[in-house]
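Below is one structure, written out as structure tokens; the observations come after it.
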Amino acid sequence: MKAFLDHVGIAISDLEAALTFYREALGLEIEVSEEVASQRVRAHFLEAGAAKLELLESTASDSAIARYIAKRGPGLHHIALRVDDIDAALQHLAARGVKLVDERPRPGAEGALVAFIHPSSAHGVLVELKQPAPWRAQLAVTRHALGDFELIALNDGVFRLDGGAMFGVVPKVLWEKKTPADDRNRIQLAMRPLVIRGNRTMIVDAGVGDKEAVRGDAKFLEQFAIDRTWNLDRALAAAGLTVEDIDIVLATHLHFDHAGGFTERDPSGRVRPRFPRAQYVVRRGEWDDATHPTERNRASYFADNYVPLADAGVLQLVDDDQTIMPGVTVRRTGGHTMHHQLVWIESGGKSAAFVADLIPTVAHLALPWIMGYDLYPLETLSAKKRLLPEVVERRTLVFFEHDPVVTAGYIVEQGGRLRVEPAL
Ligand SMILES: [Zn+2]
Ligand SMILES: [Zn+2]
Numbered sequence: 001m002k003a004f005l006d007h008v009g010i011a012i013s014d015l016e017a018a019l020t021f022y023r024e025a026l027g028l029e030i031e032v033s034e035e036v037a038s039q040r041v042r043a044h045f046l047e048a049g050a051a052k053l054e055l056l057e058s059t060a061s062d063s064a065i066a067r068y069i070a071k072r073g074p075g076l077h078h079i080a081l082r083v084d085d086i087d088a089a090l091q092h093l094a095a096r097g098v099k100l101v102d103e104r105p106r107p108g109a110e111g112a113l114v115a116f117i118h119p120s121s122a123h124g125v126l127v128e129l130k131q132p133a134p135w136r137a138q139l140a141v142t143r144h145a146l147g148d149f150e151l152i153a154l155n156d157g158v159f160r161l162d163g164g165a166m167f168g169v170v171p172k173v174l175w176e177k178k179t180p181a182d183d184r185n186r187i188q189l190a191m192r193p194l195v196i197r198g199n200r201t202m203i204v205d206a207g208v209g210d211k212e213a214v215r216g217d218a219k220f221l222e223q224f225a226i227d228r229t230w231n232l233d234r235a236l237a238a239a240g241l242t243v244e245d246i247d248i249v250l251a252t253h254l255h256f257d258h259a260g261g262f263t264e265r266d267p268s269g270r271v272r273p274r275f276p277r278a279q280y281v282v283r284r285g286e287w288d289d290a291t292h293p294t295e296r297n298r299a300s301y302f303a304d305n306y307v308p309l310a311d312a313g314v315l316q317l318v319d320d321d322q323t324i325m326p327g328v329t330v331r332r333t334g335g336h337t338m339h340h341q342l343v344w345i346e347s348g349g350k351s352a353a354f355v356a357d358l359i360p361t362v363a364h365l366a367l368p369w370i371m372g373y374d375l376y377p378l379e380t381l382s383a384k385k386r387l388l389p390e391v392v393e394r395r396t397l398v399f400f401e402h403d404p405v406v407t408a409g410y411i412v413e414q415g416g417r418l419r420v421e422p423a424l
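Written out as structure tokens, the structure reads:
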């Protein structure tokens, strides 16, 4: 096991005073501040050479940091060691009789996975193990305020699809400048469901889920290079949510990278709805196509992802463009599938759009950059032509479900060309 010093955690009771010392007097730069909902703490990282200092400010009177300060006063709290594989590290330590506070990793700051070793095993020091997020940290969970809504982009991990199929008629010499391919010609893609929190809580799409992993379908996982180190359960926890909090699940369409997480296997192996309290809203045309696949689209539709919803009586089919909850409407785009839809969100004079596979990544912004997977590419083209002027004009926050780097941004026009101003 290899471990590197990542940071030293310091419990503070007065942020202003602490900053006066660490920032003003010592001259250290604050690199990032982040609320870690699962630990009810706000973490302020200061750059200090190869390692960092983490100032820990409690956000609730009964948090671990608040209790620590009540007992011992502010001061040194823990040291954190960075490891490549936190699951392997925990197994290694447990096998040697080391006492662990966390037997399994949990979400920490900066999208990392963390676990603590008990001080009794570490000679009086609380030791944190940390596995950094595999891609830009803030992509694990990002939050945006929009009028009365909070929009939370979650993450169900990353996967890979053939670059040629992702860019249709665009030659590789052009697309590989934007998105490098691996040795099997595949490009990296994210799966980012969106939570919309208002009076009710909705999730749009739910990633690929883990039924194939549970079943041990190594071929499927390998073919698409699915890496769910960061997955929807961890992302929900990092956002302070559980599957129980979701009232409505809305599908843009039923392809496996969007609907796989709608269902899960129970301990007996039976497939059941993943969100126990939710109604699932699906467009009727998409439902009909997904339940009657053809030779052309069969590889994307797995009945296990959605048929159990009908069996459980939690399926609600909608026929046309309409409001799903106040401020949230669906619009058919067609193109990718005949009944593919985007989600339009409006509140307090502001708007946001979750465009799913209409513009899956920032690289798909230019009009002819259309996926080869699309069943009706000319319809995709018209839908992009309708949408883009509107989102530019209204300064709509656009979410890119599959972009591995840019979660969301504003599309701006400059010299007749469109580009994205990332929102984070
Ligand atoms: Zn799709
Ligand atoms: Zn997709």
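When we follow the working numbering, the leftmost residue of the sequence shown carries the number 1, and every step to the right adds one. The C-beta atom is built at its ideal place from N, Cα and C for all residues, glycine as well. Just so we're clear, the structure is a prediction, and the values are computed from it rather than from any experiment.
Bridge-paired residues (DSSP) for residue i
i, result
"G209", "For G209, which the question treats as bridged, DSSP gives no partner whatsoever."
"S463", "For residue 463 there is no data in the structure shown, the boundaries of the chain being 1 and 424."
"R331", "L342"
"L5", "L81"
"D87", "In the DSSP output, where bridge partners are listed per residue, D87 has none listed."
"L397", "A352, Y410"
"M191", "Partner(s): none; M191 has no beta bridge."
"A11", "L56, G75"
"R283", "V318"
"V158", "A190, D227"
"M325", "V328"
"A145", "E150"
"M202", "I196, I248"
"L387", "Note: L387 sits in no beta bridge, so no partner."
Cutoff 7 angstroms; reference residue i; Cβ partners in own chain excluding five residues on either side
i, result
"P404", "W135, V158, Q188, L189, A190"
"A11", "L56, I65, Y68, I69, P74, G75, H77"
"A48", "L28"
"L221", "E212, A213"
Residue i to residue j span [Cα, whole Å]
i, j, result
"D217", "R228", "14 angstroms"
"H340", "G327", "20 angstroms"
"G209", "L232", "8 angstroms"
"G27", "D6", "20 angstroms"
"K99", "T323", "53 angstroms"
"R455", "E150", "The first residue shown for the chain is 1 and the last is 424, placing residue 455 beyond what the model contains."
"R72", "K211", "46 angstroms"
"V41", "A60", "7 angstroms"
"Y373", "L194", "23 angstroms"
"A366", "R386", "13 angstroms"
"D245", "H92", "35 angstroms"
"R186", "A165", "9 angstroms"
"L53", "R106", "21 angstroms"
"P276", "V243", "7 angstroms"
"K219", "D182", "18 angstroms"
"S268", "A290", "26 angstroms"
"T179", "F167", "10 angstroms"
"L81", "L113", "12 angstroms"
Collapsed DSSP secondary structure at residue i in the structure displayed
i, result
"F116", "strand"
"L174", "helix"
"I359", "coil"
"R40", "coil"
"T59", "coil"
"E29", "coil"
"E128", "strand"
"T291", "helix"
"H123", "coil"
"V307", "helix"
"M166", "helix"
"Q223", "helix"
"V249", "strand"
"V243", "helix"
"A153", "strand"
"R228", "coil"
Contacts around residue i, its chain only, beta-carbon distance under 6 angstroms, and the 5 residues preceding and following it disregarded
i, result
"Q39", "none"
"L418", "L365, I411"
"D205", "P193, T252, H258"
"I152", "R143, V195, A239"
"T329", "T323, W344"
Local Cβ density within 10 Å of residue i, reported as buried at 16 or more and exposed below that
i, result
"V1", "The sequence shown places Met at residue 1, not Val. M1 is exposed by the Cβ-count criterion."
"G334", "buried"
"E413", "exposed"
"E29", "exposed"
"L46", "buried"
"K384", "buried"
"S473", "The chain is shown only over 1 to 424; residue 473 falls outside these bounds and no answer can be derived."
"G348", "exposed"
"V173", "exposed"
Own chain, CB closer than 8 angstroms to residue i, minus 5 neighbours either side, in chain order
i, result
"T263", "G209, K211, V271, R272, P273, R274, D304, N305, Y306, P308, L309"
"E176", "G163"
"E31", "F45, L46, E47, K52"
Heavy atom of ligand 3 within 7 angstroms of residue i beta-carbon
i, result
"H258", "Among the ligands in the structure shown, ligand 3 does not appear; only ligand 1 and ligand 2 can be found there."
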